[in-house]
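Numbering (the numbering used here), first residue to last: 3 to 188.
Notes to accompany the following structure.
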Ligand SMILES: [Zn+2]
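Here you go:
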């Protein structure tokens, strides 16, 4: 069989792609071309999360400052329902598909236990309804996201102390604010 090569232009750079018909996932017959196509489609969603400027600054914030903010969030009102805390990070895992495309995400929700549970149940239901229809990613990812929601629903954050996720969220919040302030000045 002749080796097939395709030329694509990405941001002015010529890229030569070979063997796009090569099967990467034998179980499903998913080819290299389809894998590349998939990454091109999800890139607009993924790339904003990879811009790591606040993350670099985040490492330089003293632990005590982070712990102090995390404690205040933890003991404060729920930002969603204004109800009493403890407020912590609840992760909701969702996935949706259209025929040739599947998109999934982990959405951290900073809220009270009851709002966190609601977000997880919503994600569980919508994933169950909307996740399956993409091939092959929908079939692979939907059971995983459903299982992750169920496990998050059964494993609750400690009501007495801020979780490591909340500490991380507090650190990123401070870093984001610092970047925003620096950009406003500059
Ligand atoms: Zn709430």
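A virtual CB, placed ideally from N, CA and C, is assigned to each residue, including glycine.
With a cutoff of 8 Å on beta-carbon distance, residue 78 and residue 85 are scored as not near each other. Not a single heavy atom of ligand 1 lies less than 7 Å from the C-beta of residue 99. Straight across, the Cα-Cα distance linking residue 174 with residue 7 is about 44 Å. Of the candidates 35, 18, 90 and 153, 35 places its Cα closest to the Cα of residue 25.
Contact between the stretch 162-170 and the stretch 125-142 is absent: fewer than three C-beta pairs spanning the two stretches fall below 8 Å.
Runs of the alpha helix (DSSP H) spanning 4 or more residues and lying entirely within the stretch 85-145 occur at 115-132, in chain order.
Taking C-beta atoms under 8 Å as the contact rule, residue 117 and residue 111 qualify, at a distance of about 7 Å. Residue 137 has its alpha-carbon roughly 42 Å from the corresponding atom of residue 180. Remark: the shortest separation between the CB of residue 94 and any heavy atom of ligand 1 does not fall under 7 Å.
Residue 108 is not a Cβ neighbour of residue 140, given a cutoff of 8 Å. The beta carbon of residue 75 is closer than 6 Å to those of 89 in its chain, skipping five residues each way along the sequence.
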